[in-house]
Structures are given as C-alpha cells and as structure tokens.
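Step one of this worksheet: look at the structure below.
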Amino acid sequence: YSSNELKFQYFLIVFKINNESYSQYKFENPVKFIWDNLEGTADSFLQHETYIVSLETAIVLKERSAVDDLLTRLNDFKKSILALTDDKINYFESMIQYLQAMYYLRIKINYNKAIEFLKESIKQFSRYNNEIGLIQTYFWLGYSFYKNEETSEAMSIFTKSKDLAQKLGNKFWLARTAHYLGKIYSEKELWNDSTKLLNEALELYSFLGLKNLQSG
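164 is the number that this note's numbering gives to position 164 of the sequence shown; each next residue is one higher, with no gaps.
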C-alpha cells in the first residue's frame with residue numbers, strides 16, 4: 001500500500017468507529033471530508049468501502065441532503081460491486097441491506113419498515129456468518145421493536161444481541177444491549193434486574209471512555 005492508501009484505511013476505520021459509538025466528529029462536514037480527501041485510491045475495495053462509510057456517516061448524523069445524494073448513486077454501486085470477488089459482493093450487499101434499514105430507522109422514522117429491512121439483514125449476515133453484523137443488527141431490531149412499543153419482542157431480540165456480544169467479548173455492544181434491557185426492566189418496575197443491567201452498562205461505557213453514552 002502507498003502512504004495515501006494507508007491514510008485512506010485509517011480514516012475509514014476512524015469513521016466506522018465514530019458511527020458505532022456516536023463519538024464527536026473532528027471534521028466540520030464528515031461526509032464531504034471522506035469524498036474530498038480519500039476518494040483518490042486505486043484500490044477498488046476501498047473505493048466501494050468509501051461509499052458505504054459515507055452513507056453510514058450521513059445516516060448517523062441525519063444529514064438528509066448527503067443521504068439523498070448518496071442514494072442516487074446506489075444503483076450504480078450495486079452494479080459496480082458485481083466485478084468484485086464473491087466474498088466482497090456478499091459483504092457489500094449485506095451492508096446495503098443494513099444501511100437501508102438504518103435509513104428507515106433514523107431518517108424516515110418508520111419503525112415497521114426498519115424492522116422489515118433489519119430482518120432481511122439478519123438473514124444475510126447469518127448466511128455469511130458475519131457475527132459483528134448480527135450483533136448490531138439484532139440491537140437495532142430490538143431498538144425498533146422498543147420504539148414501536150413491542151416490548152416483549154424487543155427484550156427477546158436485545159437478549160440475542162447481548163448473548164452474541166458476550167460470546168465474542170464485544171464490550172461496546174454488550175454495553176448497548178445491557179443499557180436498553182435495563183431501560184425496559186425499569187419501565188416494568190423490575191428494579192433489581194434494571195439496576196444490575198444499568199450498572200453493567202455504566203461500567204462498560206466507563207471502561208470504553210464513552211462519556212456521551214454513559215451520561216445517557
């Protein structure tokens with residue numbers, strides 16, 4: 001890799017971490033920063049990854065104009081990935097399914113539609129054994145059921161996410177699922193269970209240095 005391609009990969013990883021943890025972005029316009037500074041690589045996979053990370057960033061930040069602009073390129077993106085190897089095609093198709101779900105969850109605020117896409121995303125991640133994808137998709141599916149006031153279904157899905165995060169030792173998603181299970185238990189006035197889960201989430205957020213999530 002050239003130094004530019006290493007820089008490219010570094011920044012993509014930074015943005016992906018920020019997208020998961022809702023960290024404070026250091027750039028005034030993150031989506032524009034990605035395209036203006038990182039698009040020049042010759043690596044085809046990284047070029048396509050740029051699109052995915054840009055779309056995810058725009059959705060996380062709820063930048064509607066950036067989301068709409070990126071979605072106009074979606075059909076071309078779907079066609080262009082067909083030139084890649086099967087494993088990369090599977091990865092990008094799964095991520096597109098997931099991001100379409102997040103579009104309905106965060107931009108359109110349509111929980112029923114988000115649930116529909118998240119269920120399909122779970123099928124794809126399961127087919128290719130993408131466990132990290134499954135953890136976060138289960139979490140957002142549980143969140144969608146929770147926001148849709150389908151509490152029992154939300155608890156079941158959050159538990160699946162938590163169990164898988166526990167298995168993989170993923171402290172971030174373990175904290176997130178413990179947090180929301182704790183919220184549900186508190187709403188049910190099951191104080192002992194709620195206290196245990198919320199304390200678990202607080203300790204993990206503190207360990208990870210995620211003060212913005214810890215304060216919530």
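Backbone N, C-alpha and C fix where the C-beta goes; we use that ideal spot for every residue, glycine too.
*For L210, does the three-state DSSP call read helix, strand or coil?*
Coil, per DSSP.
_Extent of the continuous alpha helix (DSSP H) to which A236 belongs_ = Because the chain spans 1 through 216 in this model, residue 236 falls outside it and cannot be assessed.
*May I ask you to report which of helix, strand or coil DSSP gives Y128?*
Three-state DSSP puts Y128 in coil, outside helix and strand.
*Per DSSP, what kind of secondary structure is D43 in: helix, strand or coil?*
DSSP, read as helix, strand or coil, puts D43 in coil.
*Which ranges does the alpha helix (DSSP H) cover as unbroken runs of at least 4 residues, wholly within the segment 169-213, from first to last along the chain?*
Uninterrupted alpha helix (DSSP H) stretches at least 4 residues long and entirely within the segment 169-213 occur at 171-187 and 191-208, given in chain order.
*By how many angstroms is the C-alpha of S156 removed from the C-alpha of Y51?*
One C-alpha to the other measures close to 33 Å.
*For the 8 Å Cβ check, are there 3 or more pairs between the segment 67-84 and the segment 111-120?*
Fewer than three beta-carbon pairs drawn from the segment 67-84 and the segment 111-120 are found closer than 8 Å, and the two stretches are therefore not classed as touching.
_Helix, strand or coil at I72 [DSSP, three-state]_ = For the record, residue 72 in the displayed sequence is Thr; it is not Ile. DSSP, reduced to helix, strand and coil, places T72 outside both helices and strands of the structure shown, so it counts as coil.
*Since I believe I34 is in contact with V60 (beta carbons under 8 Å), could you give me their beta-carbon distance rounded to a whole number of angstroms?*
I34 and V60 do not touch by the CB rule: their CB atoms are close to 13 Å apart, not below 8 Å.
*asked:* Please return the same chain residues whose Cβ sits closer than 8 Å to the Cβ of W140, not counting the five positions on each side in sequence.
replied: Here the set comprises A101, M102, L105, A114 and L118.
*Buried or exposed: where does W191 fall if 16 or more other Cβ atoms within 10 Å of its Cβ makes it buried?*
Classification for W191: exposed.
_Minimum C-alpha distance to L164 - residue among N130, Y180, N90 and T195_ = Sorting N130, Y180, N90 and T195 by C-alpha distance to the C-alpha of L164 places N130 at the top.
*asked:* Between the alpha carbons of Y180 and Y128, how many angstroms are there, rounded?
replied: Going from the Cα of Y180 to the Cα of Y128 covers about 27 Å.
_Distance CB(Y98)-CB(T137) smaller than 9 Å_ = Contact check for Y98 against T137 passes: the beta carbons are separated by less than 9 Å.
_Spatial distance of E149 from F11 (CA atoms)_ = Their backbone Cα atoms lie some 38 Å apart in a straight line.
*What is the DSSP secondary structure of Y110, reduced to helix, strand or coil?*
A quick correction: the sequence has Asn, not Tyr, at residue 110. Correct three-state label for N110: coil.
*For I107 versus K62, is the C-beta distance shorter than 9 Å?*
In contact: I107 and K62 (Cβ atoms closer than 9 Å).
*asked:* Using 9 Å as the threshold, is the C-beta distance between T177 and F158 below it?
replied: Yes, they are a contact pair.
*asked:* If I measure Cβ to Cβ from K162 and keep anything under 6 Å in the same chain, skipping five residues before and after, which residues do I get?
replied: T177, listed in sequence order.
_Anticipated Cβ contact below 8 Å, A175 with A201, distance rounded_ = With a beta-carbon spacing of about 5 Å, A175 and A201 fall inside the 8 Å limit used to define contacts.
*Please state if the CB of E93 and the CB of Q47 are separated by a distance shorter than 9 Å.*
For Q47 and E93, no; Cβs fall outside 9 Å.
*asked:* Going by beta-carbon coordinates alone, are W227 and I122 separated by less than 9 Å?
replied: For residue 227 there is no data in the structure shown, the boundaries of the chain being 1 and 216.
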